[in-house]
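K.L.:
My structure is below; once you've seen it, I'll send some questions.
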Amino acid sequence: MIGTLLQVGIGGAIGSVLRYTMGLAVMRAGGTSFPVAVLPVNIVGSFLMGLLFVILTHRDMTQLGPLLMTGVLGGFTTFSAFSLETFILYERGEIGLAVTYVLASVVFSVLGLALGIWLARSFVA
């Protein structure tokens, strides 16, 4: 268990640094008000999650999942895990659940963020 936690932690640190440096590079290249750094991170992270999911499963290398999928890609973008979970629901034929998951994730995450901002501002103001 400790080894798995270390894999996730080390991978998460790597992924977080990659996300931060990608964001800096995009902003230095001329960022806009549109979140141009986050969108490519989410797309690339989701693409890599798909690749790793198939490769690690088919080559019986799932022991690298905590490091690469949960750690590196989780630190890089949690959207990749969200994308994988949505696709698995879709592949199982659970289209209604997939749509519900997408809508609930987006709506409640934005509402949770808004509530956190509102609460924090009420303490700071």
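The working numbering numbers the first residue of the sequence shown as 38 and each following residue consecutively. Every residue gets a Cβ at the ideal spot worked out from N, C-alpha and C, and that includes glycine. Everything numeric in this text was worked out from a predicted model, so none of it was measured.
1. Can you give me the C-alpha to C-alpha distance between L88 and T99, rounded to a whole angstrom?
2. If you follow the alpha helix (DSSP H) that R96 is in, where does it begin and where does it stop?
3. With a 10 Å radius around its C-beta and 16 neighbouring C-beta atoms as the bar for buried, classify V143 as buried or exposed.
4. Quick one: is F119 buried, meaning 16 or more other Cβ sit within 10 Å of its Cβ, or exposed?
5. Please return the same chain residues whose Cβ sits closer than 7 angstroms to the Cβ of G102, not counting the five positions on each side in sequence.
6. Closer than 7 angstroms by C-beta to L42: which residues in its own chain qualify, once you throw out the five before and the five after it? Chain order, please.
7. Any contact of the region 132 to 143 with the region 73 to 91, i.e. 3+ C-beta pairs under 8 angstroms?
8. Which whole-angstrom value is the C-beta distance of I47 and G108, which I expect to be below 8 angstroms?
9. Might you give, ordered along the chain, the residues of its own chain that have their beta carbon closer than 6 angstroms to the beta carbon of L105, omitting 5 neighbours on each side?
10. For R56 and F113, which I take to be in contact (beta-carbon distance under 8 angstroms), what is that distance rounded to the nearest angstrom?
P.N.:
Answer, in terms of the structure:
1. 13 angstroms
2. From DSSP, R96 is part of no alpha helix (DSSP H); its letter is neither H nor E.
3. exposed
4. buried
5. L93
6. none
7. no
8. 6 angstroms
9. L89
10. 5 angstroms
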